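A short write-up of the structure that comes next.
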Amino acid sequence: MIASLFGGRYRLPVILQSERAECGLACIAMIASFFGNRIDLNTLRSRHEISGRGSRLSDLLSIGESISLKARPLKLDIKDLSAIQLPAVLHWDMNHFVVLKSVSKRSIRIHDPAVGERRYSMTEVGRHFTGIALEMTPGAEFQHGATAMRSRISDLYRRYPGFNRAVGQLFVLSLFLQLASIGSAFYMQLVIDEGVARQDADVLSLLALAFLMLGLTSVAMTYARSQVQLYFSNQIGFQMAGNVLTHLLSLPVSYFEKRHVGDLVSRFGSIREIRRILTEDLITVVLDGVFALITLLVMFYFSAMLALTVLLFVMVSALLKVVCIPAMQSLQEQVVVAEAKTSSQLMENMRTIEVIKFYCRELTRQFLWRNRYAEQINAQVRLARFSINIDAVYGVLTTAEHVVVVFLAASLVLEGNITLGFLTAFVALKGNFTSAIRSFIEKLVQIRLVRLQLERVSDITCAERETESLHMPAVRRRVKGQLTIENVSYTYPGAAAPIIDGISIDVKAGEVLAISGVSGAGKSTLLKIMAGLLKPTGGRVLVDGIDILQFGLREYRYACAGVLQTDQLLSGSIADNITLFDEGADQSLMELAAEQAGIKTFVAELPMGFNSLVGDMGSMMSAGQQQRILLARAFYKRPAIMFLDEATANLDEALEEGILKNLRDLSCTVVLISHRPVALRAASRIIQFSQL
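Mapped onto the numbering used here, the consecutive letters of the sequence shown carry residue numbers 1477 to 2168.
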């Protein structure tokens, strides 16, 4: 009833969360869309930062108010759910929000931002619902329309030399094949009416030769089109993947901290489907449409009654497909998200295999993965069943159409209005038409569904870049290493209080500054801000008296090196990890860096030395050996400023003391975080974090 007062009744969409803790944002987006403001997650995310720990009810009230959705918090029992205004937000499992879609005597139906649409019995609801609900209705300033931050396909690639020629070749070749298909439909008519009926063997031979040549030409054209399409598809795919990766690597660290690796891999993989649509379906849909129109005109020329009969059935079939698009899109999105979660779970198991085995949690992790995989299978089954049902109805319509048309055409033959050859030709034309129109409709549906893939890729491409270019300037400024932290504050998105509040520090060039303090106070966050990896919410960082944003983040980072707590080795050789795959690596400098990091002797004992391979999880190396390779990486760069966060925590005191001495000999500015006495003694100045 409420919906009817605000522009008519709207469908409640399923909007799935992209980040780990944005279920609240997704719920707001669903309800806003229901009432007519089709706002997407990218837009809401750009306006409202959500804490990595999730949204609070007060956050939802604030976000709803910003788009004129008036909210009324309620505390109620399960039996009262039928009395609230739908759709409504429910607090679920103590740490999640869902949208209540409908309520019956025995069950409810919800839209869960994590998994999609679900039905729960009242008994099951009792195990999830916390008793808190949020009614939301449009206010006087509620705006209807669509607000979306979504990339267009053309944003993902640039036309390469020969692009227009390739498109033209594909179009011409495909058009010839379509016309050849129309011509082939007349073969049986000519054979029956001109050859068999007249007992003319010469005509039969001529027809056979002519249509053989037409068929061979079609095969050659198909081969040529496949070659052009292969080249075209790979060029477009390469550009798309490269452009999206370039944008992904230019995003700030905070973007990656809020997302699962498997989900990002899945979003990146959406490029394949977009490429297929662009290089295959777009051209096909145009040609199928033209082909269907030409064939339909020929059919009307032959018999208007038969053509209208075919057209009627086709229109009903097309309507069926169009009506099913929203449901199909929702089901496909659920499949994609479920696959991404399964992939993330598997990656997590691989990365934490030592912990899993040490705590004997193999069966527990297997159980969790099986649950994820079951959700994926269930989503795939729901999509498959939906497709099967559509195909079944479509099959009934196709069968009925064929029977009716053949019956009517045969009746016309009996009445002497058309010939038997005409009947075979018309049936062949009808087959071509229905095949083309079915392909046309299916491709249109796929093009419509590509919005799902674009929305997933847009989560990457619409995110704000940290820097506009990944290239360094031709001439770089020399960095002396003086650092100034001016009244720096940092508040995590959605947090009530800042973790860092008004800190100021001066670090002289060449100074070794140690920061010590209790765990969780914000030391690592401060170090990331100083390194330019996090943007402070207040204050600024200066290098040699220049704000690092004005200096240029990439140019500043080029002068820095370090070892942070989350650093890890990459798949490649030890040399690759020390030089970070530098193509012009300096062998002598690499060996010197390894010696300064105390790892050269160990590497020399390996059969393949610096060419020994390590994996992204460190292979067979100890934590101390991995840490020394990471330190060698920092030494190799010869930075003006070095940042170390518990970088010697896995080393014995003798090794640690030697490495820190080598570090002082570099004469670069060093900011280190440590609790270890050896590291603190190596500093020229020690600051207690609590006193900042």
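Every residue gets a Cβ at the ideal spot worked out from N, C-alpha and C, and that includes glycine.
Since the structure is predicted, the reported quantities are computational estimates derived from the model, not experimental observations.
Run the CB neighbour count on residue i, radius 10 Å, all protein chains shown included, and call it buried at 16 or more, exposed below.
{"i": "residue 1548", "result": "exposed"}
{"i": "residue 1764", "result": "buried"}
{"i": "residue 1474", "result": "Only positions 1477 to 2168 of the chain appear in this structure, which leaves residue 1474 out of reach."}
{"i": "residue 2101", "result": "buried"}
{"i": "residue 1998", "result": "buried"}
{"i": "residue 2036", "result": "buried"}
{"i": "residue 1650", "result": "buried"}
{"i": "residue 1513", "result": "buried"}
{"i": "residue 1933", "result": "buried"}
{"i": "residue 1556", "result": "exposed"}
{"i": "residue 1540", "result": "buried"}
{"i": "residue 1893", "result": "exposed"}
{"i": "residue 2041", "result": "exposed"}
{"i": "residue 2153", "result": "exposed"}
{"i": "residue 2174", "result": "Not covered by the structure: residue 2174. The range shown for the chain is 1477 to 2168."}
{"i": "residue 1505", "result": "buried"}
{"i": "residue 2006", "result": "buried"}
{"i": "residue 1919", "result": "buried"}
Can you give the Cα-Cα distance for residue i and residue j, rounded to whole angstroms?
{"i": "residue 1481", "j": "residue 1561", "result": "Its pLDDT being 38, under 50, residue 1481 is placed unreliably in this model, and the coordinates cannot settle the point."}
{"i": "residue 1483", "j": "residue 1511", "result": "At residue 1483, the pLDDT of 40 sits below 50, so the modelled position is not reliable; the number obtained from the coordinates is stated separately. About 8 Å."}
{"i": "residue 1599", "j": "residue 1842", "result": "27 Å"}
{"i": "residue 1709", "j": "residue 1755", "result": "6 Å"}
{"i": "residue 1497", "j": "residue 1589", "result": "10 Å"}
{"i": "residue 1488", "j": "residue 1509", "result": "7 Å"}
{"i": "residue 1452", "j": "residue 2080", "result": "Past the boundaries of the shown model lies residue 1452; the chain is included only from 1477 to 2168, so the question cannot be answered."}
{"i": "residue 1939", "j": "residue 2004", "result": "21 Å"}
{"i": "residue 1806", "j": "residue 1618", "result": "26 Å"}
{"i": "residue 1479", "j": "residue 1898", "result": "In this predicted model, residue 1479 has a pLDDT of only 42, less than 50, meaning its place in the structure is not dependable enough to derive any value."}
{"i": "residue 1788", "j": "residue 1881", "result": "11 Å"}
{"i": "residue 1837", "j": "residue 1736", "result": "21 Å"}
{"i": "residue 1516", "j": "residue 2046", "result": "36 Å"}
{"i": "residue 1958", "j": "residue 1716", "result": "41 Å"}
{"i": "residue 1757", "j": "residue 1930", "result": "15 Å"}
{"i": "residue 2156", "j": "residue 2071", "result": "22 Å"}
{"i": "residue 1551", "j": "residue 1609", "result": "6 Å"}
{"i": "residue 1813", "j": "residue 1591", "result": "7 Å"}
{"i": "residue 2025", "j": "residue 1571", "result": "37 Å"}
{"i": "residue 1730", "j": "residue 2017", "result": "18 Å"}
Distance cutoff 9 Å, beta carbons only. Does residue i sit that close to anything in chain B?
{"i": "residue 1892", "result": "In the structure shown, chain B does not exist; there is a single protein chain."}
DSSP three-state call for residue i: helix, strand or coil?
{"i": "residue 1938", "result": "coil"}
{"i": "residue 1829", "result": "helix"}
{"i": "residue 1485", "result": "With a pLDDT of only 48 at residue 1485, under 50, the local geometry of the prediction cannot be trusted, and the value read off the model is given with reservation. Note: residue 1485 maps to coil in three-state DSSP."}
{"i": "residue 1893", "result": "coil"}
{"i": "residue 2118", "result": "strand"}
{"i": "residue 2167", "result": "helix"}
{"i": "residue 1881", "result": "helix"}
{"i": "residue 1604", "result": "helix"}
{"i": "residue 1841", "result": "helix"}
{"i": "residue 2100", "result": "helix"}
{"i": "residue 1612", "result": "strand"}
{"i": "residue 1989", "result": "strand"}
{"i": "residue 2023", "result": "strand"}
{"i": "residue 1736", "result": "coil"}
{"i": "residue 1682", "result": "helix"}
By the DSSP assignment, the beta strand (DSSP E) with residue i in it spans what residues?
{"i": "residue 2037", "result": "2036-2039"}
{"i": "residue 1549", "result": "1545-1551"}
{"i": "residue 1425", "result": "There is simply no residue 1425 to check, as the chain begins at 1477 and stops at 2168 in what is shown."}
{"i": "residue 1513", "result": "1513-1515"}
{"i": "residue 1965", "result": "1959-1966"}
Would you give the residue range spanned by the alpha helix (DSSP H) that residue i belongs to?
{"i": "residue 1582", "result": "That residue, residue 1582, is in no alpha helix (DSSP H); it is neither H nor E in DSSP."}
{"i": "residue 2169", "result": "What is shown of the chain runs 1477 to 2168, which leaves residue 2169 out entirely."}
{"i": "residue 1977", "result": "That residue, residue 1977, is in no alpha helix (DSSP H); its beta strand (DSSP E) goes 1976-1983."}
{"i": "residue 2001", "result": "1999-2006"}
{"i": "residue 2015", "result": "Taken as a continuous stretch (DSSP letters only), residue 2015 belongs to no alpha helix (DSSP H), being part of the beta strand (DSSP E) at 2014-2019."}
{"i": "residue 2135", "result": "2129-2141"}
{"i": "residue 2077", "result": "2076-2081"}
{"i": "residue 2154", "result": "2153-2157"}
{"i": "residue 2055", "result": "2050-2055"}
Considering only heavy atoms of the ligand GDP, does any lie closer than 8 Å to the CB of residue i?
{"i": "residue 2085", "result": "With respect to the ligand GDP, the structure shown offers nothing to examine, as it has no ligands at all."}
Between the segment 2011-2027 and the segment 1964-1977, are three or more C-beta pairs nearer than 8 Å? yes
The segment 1770-1786 in contact with the segment 1692-1699 per 3-pair CB rule at 8 Å: no
Taking one C-beta from the segment 1809-1828 and one from the segment 1844-1860 each time, how about it: are there three or more such pairs within less than 8 Å? Between the segment 1809-1828 and the segment 1844-1860, the count of Cβ pairs shorter than 8 Å is three or higher; the stretches touch.
Segment contact, 8 Å Cβ cut-off, at least three pairs: the segment 2078-2090 with the segment 2125-2134: Not touching, per the Cβ criterion.
Given 8 Å as the limit, is there contact between the segment 1791-1806 and the segment 1567-1578, that is, 3 or more CB pairs closer than that? no
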